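Visitor:
There are 2 protein chains.
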Amino acid sequence: MGREEFLRALRTNVLGRRKMHPLMVLLHEGELSREQLKSWIVNRFYFQENVPVKDAVILSKCPEPDVRRLWISRLLRREGMQRELGDVEGWVELATAAGISRERLMGSRVLPGVRFAVDSYVNFARTSSWLEGVAASLVEQFAKEELLARIDAFKRHYSWVAPSGLKFFMSRLAAVDESNEVALGIVMKYCITRKAQNRAVSSAVFASDVNWSINDAIYMDAFSQSLASPEREKGRHQTAS
Amino acid sequence: MGREEFLRALRTNVLGRRKMHPLMVLLHEGELSREQLKSWIVNRFYFQENVPVKDAVILSKCPEPDVRRLWISRLLRREGMQRELGDVEGWVELATAAGISRERLMGSRVLPGVRFAVDSYVNFARTSSWLEGVAASLVEQFAKEELLARIDAFKRHYSWVAPSGLKFFMSRLAAVDESNEVALGIVMKYCITRKAQNRAVSSAVFASDVNWSINDAIYMDAFSQSLASPEREKGRHQTAS
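Those protein sequences? They're chains C and P, same order as listed. 37 is the number of the first residue of the first sequence in the numbering used here; add one for each residue after it. 37 is the number of the first residue of the second sequence in the numbering used here; add one for each residue after it.
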């Protein structure tokens, strides 16, 4: 597949399989309560914390000097060592703008489903080839429209979050095209068979599943109270068998 | 902690933290459609497939001959090499009774959130001590009431599932006390400090979180269509950023 055909296959497989996640629909439409939006911020921080680790794992497995150099410049960006706000500090700033202190953010218990999904992502990088690890980040090819919708939603619906909270999204937005170009360039150069290209698409689908699953866990935690009536649940407990 | 105090701490931490999962509430009350119950069967099969692997990981890490021998008798049971139906074959029989062929069961794509949770469980066994691995199975101390409620629900509400589908639950029910006694005995013998006992409780909580997260993913898949209106979702897609 040439570049355009590959990008079409990526779009079909990553976006075409399902609609937008209900949590994101609600976020964009301003229908999340303060507590629900804060839960999203607190839980998604675990993803933000682990993405740089995942990227370091990829670096540690890559024998190609040109890829390592490209990947190090990605790390510099995502660790906040260049112009952009880093993934961790940027999210701390968002949390602070939403009234969540750094201490509370760092000390919060993350939802199990979020932990499982994010840990699986780091583990995917550890157990797959470096090229599949790089390819997983192709999911970000579609981050731009989500970032735009999110920034818009924060401005319109969540004005109780201080404007400084948007700095991280703006910073991501400014860097996303260049960052995507790097990942796509590596994948197009090193995936030289159709099979390798298909595996690259599957890796991006995997990363999309991680995001989906994070949102599942946050959604269920936010709404499970209302998903079964209180009377029904009385005296019942979760068990395993 | 003595045995009774330990069991109380286990109950408080495993069951006391939250109510029954909405998916289990609906299953017990007969409110799952055929497709939803089948989805539970198909997806939970991934858990059934991996529990024996998790148990083998624990065995492979244990330097205590007496524990290994006890654990091997557990493996014999769960692999279906004794009186009981094995975890895998037993579940195949349940699926067959629900009109899902072995081929369809084996070939089905498991929901991402289910995969992440189950993989995290196997990974927990790989990265924790053998004793914490054993302790995780203490979550089954509370399996009996769930099994009873489940058998009752199948009989009352899901009579379209052939009665042979209940054989596995019956078989689990017959073995669960003995199996629990083995795990509890090992934990009481080898967790000789309060700290180790607390870690044992945490391990069981972890296993309970795995079950919870599996149910989250199945619930969201079953109901996400109705959680956001079709009009809202039109033309929207899940993206990552």
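Here a beta-carbon is modelled for each residue, glycine too, at the ideal position from N, C-alpha and C. Computed from a predicted model, the values in this text were never measured in an experiment.
Please classify isoleucine 228/C as buried or exposed, where buried requires at least 16 neighbouring CB atoms within 10 angstroms.
Guide: Exposed, by the Cβ-count rule.
Visitor: Comparing alpha-carbon positions, which option in Val93/C, Ile136/C and Gly52/C lies nearest glycine 169/C?
Guide: Checked all of Val93/C, Ile136/C and Gly52/C; the closest Cα to glycine 169/C is Val93/C.
Visitor: Is the Cβ of alanine 232/C closer than 8 angstroms to any Cβ of chain P?
Guide: Cβ-Cβ to chain P under 8 angstroms: no for alanine 232/C.
Visitor: Which first and last residues belong to the alpha helix (DSSP H) in which alanine 161/P is found?
Guide: Segment 148-163, the alpha helix (DSSP H) holding alanine 161/P.
Visitor: If I'm right that arginine 186/C touches phenylalanine 205/C with Cβ under 8 angstroms, what's the distance once you round it to whole angstroms?
Guide: Indeed, because the Cβ distance is near 6 angstroms, the residues count as touching under 8 angstroms.
Visitor: Below 7 angstroms CB to CB, which residues in the same chain sit around arginine 110/P once its five sequence neighbours on both sides are set aside?
Guide: Hits under 7 angstroms: Asp91, Ser215 and Val218.
Visitor: Over what stretch of residues does the alpha helix (DSSP H) that includes valine 87/C continue unbroken?
Guide: Per DSSP, valine 87/C belongs to the alpha helix (DSSP H) from 70-97.
Visitor: How about aspartate 252/C and serine 75/C: are their beta carbons less than 8 angstroms apart?
Guide: The answer is no: Cβ separation not under 8 angstroms.
Visitor: Between proline 99/C and chain P, is there a C-beta pair that is closer than 8 angstroms?
Guide: With 8 angstroms as the cut-off, proline 99/C does not count as an interface residue toward chain P.
Visitor: Among Ile222/P, Ile136/P and Ser207/P, which residue has its Cα nearest to the Cα of isoleucine 77/P?
Guide: When only C-alpha atoms are compared, the closest one is Ile136/P.
Visitor: Are the stretch 146-162 of chain P and the stretch 187-206 of chain P in contact at 8 angstroms, needing three or more beta carbon pairs?
Guide: Not touching, per the Cβ criterion.
Visitor: Distance check for tryptophan 196/C and arginine 113/P, CA to CA, integer angstroms please.
Guide: Distance between the alpha carbons of arginine 113/P and tryptophan 196/C: 57 angstroms.
Visitor: Using a Cβ-Cβ cut-off of 8 angstroms (strictly less than) and excluding sequence neighbours within five positions of phenylalanine 190/C, which residues of its own chain qualify?
Guide: Result list for phenylalanine 190/C: Val197, Gly201, Leu202 and Phe205, in chain order.
Visitor: Going by CA-CA distance only, name the one from Arg119/C, Leu141/C and Arg105/C that's closest to valine 128/C.
Guide: Valine 128/C has its Cα closest to that of Leu141/C, out of Arg119/C, Leu141/C and Arg105/C.
Visitor: Short of 7 angstroms in beta carbon distance, which residues of its chain neighbour glutamine 84/P, apart from the five on each side in sequence? Order them along the chain.
Guide: Once the five neighbours on either side are set aside, the close Cβ partners of glutamine 84/P are Asp123, Val124 and Trp127.
Visitor: How many angstroms separate the CA atom of valine 154/C from the CA atom of tyrosine 157/P?
Guide: Cα to Cα, the separation comes out at about 14 angstroms.
Visitor: Looking only at its chain, what residues have a beta carbon closer than 7 angstroms to the beta carbon of arginine 39/P, apart from the 5 residues adjacent to it on each side?
Guide: The residues are Met224.
Visitor: Whose C-beta lies closer than 6 angstroms to the C-beta of leucine 167/P among residues of the same chain, with five residues either side of it excluded?
Guide: The residues are Tyr226.
Visitor: Would you mind giving the Cβ-Cβ distance between glutamate 120/C and alanine 211/C, rounded to the nearest angstrom? I have them listed as a contact below 8 angstroms.
Guide: 5 angstroms between Cβ atoms; contact.
Visitor: Taking 6 angstroms as the limit between beta carbons, can you name the residues of its chain near arginine 272/P, skipping five residues before and five after?
Guide: Interpretation of arginine 272/P is limited by its pLDDT of 36, a score under 50 that renders its predicted location unreliable; no figure is taken from the coordinates.
Visitor: What's the C-alpha gap between asparagine 86/C and leucine 62/P?
Guide: Each residue's alpha carbon lies about 35 angstroms from the other.
Visitor: Asparagine 159/C touches chain P at which residues, Cβ-Cβ below 8 angstroms?
Guide: Going along chain P in sequence order, the residues near asparagine 159/C (Cβ under 8 angstroms) are Asp155 and Asn159.
Visitor: Excluding the 5 residues flanking alanine 172/P on each side, which residues of the same chain have their C-beta closer than 7 angstroms to its C-beta?
Guide: Within the same chain, alanine 172/P has close Cβ partners Phe160, Ser239, Ala240, Phe242 and Ala243.
Visitor: By the DSSP assignment, the alpha helix (DSSP H) with isoleucine 108/C in it spans what residues?
Guide: Residues 101-114.
Visitor: Pick helix, strand or coil for valine 128/C, following the three-state DSSP scheme.
Guide: Here valine 128/C sits in helix by DSSP.
Visitor: Can you find a C-beta in chain P that's less than 8 angstroms from the C-beta of tryptophan 76/C?
Guide: No, tryptophan 76/C does not count as interfacial toward chain P.
Visitor: Among residues of its own chain, excluding the 5 on either side of proline 58/C, which ones have a beta-carbon nearer than 7 angstroms to its beta-carbon?
Guide: Here the set comprises Tyr255.
Visitor: Can you find a C-beta in chain C that's less than 8 angstroms from the C-beta of tryptophan 248/P?
Guide: Cβ-Cβ to chain C under 8 angstroms: yes for tryptophan 248/P.
Visitor: Let's see if you can read the secondary structure: which residues bound the alpha helix (DSSP H) around phenylalanine 178/P?
Guide: Premise fails: phenylalanine 178/P is in no alpha helix (DSSP H) and is neither H nor E.
Visitor: Taking the alpha carbon of glutamate 176/P as the reference point, which residue from Leu95/P, Val246/P and Gly143/P has its own alpha carbon closest?
Guide: Nearest option by C-alpha distance: Val246/P.
Visitor: Could you please give the first and the last residue of the uninterrupted alpha helix (DSSP H) stretch that includes alanine 45/C?
Guide: Start and end: 39-50.
Visitor: Taking 8 angstroms as the CB-CB cut-off, is serine 144/P touching chain C?
Guide: Not one chain C Cβ lies under 8 angstroms of serine 144/P.
Visitor: Taking Cβ to Cβ, would you say valine 237/C is nearer than 8 angstroms to leucine 46/C?
Guide: Taking 8 angstroms as the Cβ cut-off, valine 237/C and leucine 46/C qualify as a contacting pair.
Visitor: Since I believe glutamine 233/C is in contact with phenylalanine 42/C (beta carbons under 8 angstroms), could you give me their beta-carbon distance rounded to a whole number of angstroms?
Guide: Going by Cβ atoms, the distance from phenylalanine 42/C to glutamine 233/C rounds to 6 angstroms, so yes, they are a contact pair.
Visitor: Thinking C-alpha only, which one of Trp248/C, Lys231/C, Ile222/C and Ser249/C is nearest glutamate 100/C?
Guide: Of Trp248/C, Lys231/C, Ile222/C and Ser249/C, the residue nearest in Cα terms is Ile222/C.
Visitor: When the Cα atoms are used, what is the spatial distance from glutamate 115/P to proline 88/P?
Guide: C-alpha separation (whole angstroms): 7 angstroms.
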